[in-house]
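K.L.:
There's a structure below that I have some questions on.
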Amino acid sequence: MELKLLMTRFLNRLLRPLNSSTPEQPEPQLELAEPLLPAALGADEYVARFVFSERHIDKKFRNVKWQGFMPMLYEGNFETSVCRNTGIQESRVWELSRVCRHPMQALARADVGIVVAHEALLMAQAAPQPNYAEHAVILGWPPITNDDKSPQMMAATLLATSAQTISPPQLLS
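Per this note's numbering, residue 8 is the first one in the sequence shown, and the count goes up by one each step.
Shown next, in the form of structure tokens:
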């Protein structure tokens with residue numbers, strides 16, 4: 008009889024958490040592989056423009072040409088896709104360059120400050136994508152009127168001349 012009572016108490020204590028109506032403790036969250044970035048890009052931030060075409064790199068000076076910053080028309084707006092890289096590990100930036108336009112490989116990247124975009128009367132906005140929280144776009148490009156791209160070319164030139172061109176680690180020699 009005493010054994011039966013002990014066994015009943017043991018089982019009640021063992022099963023009590025399963026039968027209780029108290030809320031369960033939340034499961035611990037796994038550390039995210041991607042950083043949690045603020046939605047707004049600050050003027051002190053830098054972004055990287057990945058360059059996939061040799062036509063966009065000056066072979067003599069190894070600088071990104073203005074064509075590398077020209078916007079594309081996307082859903083009625085001109086925008087240039089960039090990667091936020093302030094406070095981001097270098098290895099993560101290059102990893103993103105390999106996967107964002109897979110299977111293409113970035114030949115270089117051009118790092119430029121958001122303050123330069125502001126000087127060109129452009130703005131930058133976060134545009135996170137799945138597995139790519141660092142994605143952003145440069146917006147506010149002037150419209151093309153009468154096939155005249157010169158206002159866009161001037162803004163792209165300002166970005167390109169202010170950018171620092173960096174080769175991917177495997178291309179350094």
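Note that CB positions come from ideal geometry on N, CA and C, so glycine has one too. A quick note: this is a predicted structure, and the numbers were derived from the prediction, not measured.
1. Enumerated in chain order, which unbroken segments of the beta strand (DSSP E) with a length of 3 residues or greater are wholly contained in the segment 32-115?
2. Is residue 118 buried or exposed, if buried means 16 or more other CB atoms sit within 10 Å of its CB?
3. When the Cα of residue 103 is compared with those of 59, 64 and 151, which residue comes out closest?
4. Under the DSSP definition of a beta bridge, which residues are partnered with residue 145?
5. Count Cβ pairs between the segment 157-174 and the segment 71-80 that sit closer than 8 angstroms; are there 3 or more?
6. Rank 141, 159, 57 and 148 by C-alpha distance to the C-alpha of residue 48 and give the top, closest one.
7. What's the gap between the Cα of residue 135 and the Cα of residue 143?
8. Span of the beta strand (DSSP E) holding residue 171?
9. So, helix, strand or coil for residue 140, using DSSP?
10. When you compare each of 152, 137 and 79 to residue 146 by their alpha carbons, which one comes out closest?
11. Counting only the same chain and skipping the five closest in sequence on each side, list residues whose C-beta sits under 6 angstroms from that of residue 92.
12. What residue does the alpha helix (DSSP H) around residue 121 start on, and which one ends it?
13. Please name the residue in 114, 109 and 166 whose C-alpha comes closest to that of residue 69.
14. Compute the beta-carbon to beta-carbon distance between residue 124 and residue 131, rounded to the nearest angstrom, for a pair I have assumed lies under 8 angstroms.
15. Would you report the Cα separation of residue 88 and residue 139, rounded to the nearest angstrom?
16. Considering only residues of the same chain and omitting the five flanking positions on each side of residue 111, which have a CB-CB separation below 8 angstroms?
17. How would you label residue 159, buried or exposed, when you count the other beta carbons within 10 angstroms and need 16 or more for buried?
P.N.:
Short version:
1. You should have 53-58, 79-81 and 84-91.
2. It counts as buried.
3. Just measuring C-alpha positions, the residue of 59, 64 and 151 sitting nearest residue 103 is 59.
4. Residue pairing by DSSP puts residue 145 in a beta bridge opposite 87 and 131.
5. Contact annotation: the segment 157-174 touches the segment 71-80, with at least three C-beta pairs closer than 8 angstroms.
6. Residue 141 holds the alpha-carbon nearest to the alpha-carbon of residue 48 among 141, 159, 57 and 148.
7. Separation of residue 135 and residue 143 (C-alpha to C-alpha, rounded to the nearest whole angstrom) is 7 angstroms.
8. The continuous beta strand (DSSP E) containing residue 171 extends over residues 171-173.
9. DSSP places residue 140 in coil when its eight states are reduced to three.
10. When each option's Cα is compared against that of residue 146, the closest is 79.
11. Contacts found: 53, 55 and 100.
12. 121-126 is the extent of the alpha helix (DSSP H) around residue 121.
13. It is 114 whose Cα lies nearest to the Cα of residue 69.
14. With 8 angstroms as the limit, residue 124 and residue 131 qualify as a contact, their Cβ atoms being about 6 angstroms apart.
15. Inter-residue distance for residue 88 and residue 139 is about 12 angstroms (C-alpha atoms, whole angstroms).
16. Hits under 8 angstroms: 59.
17. Classification for residue 159: buried.
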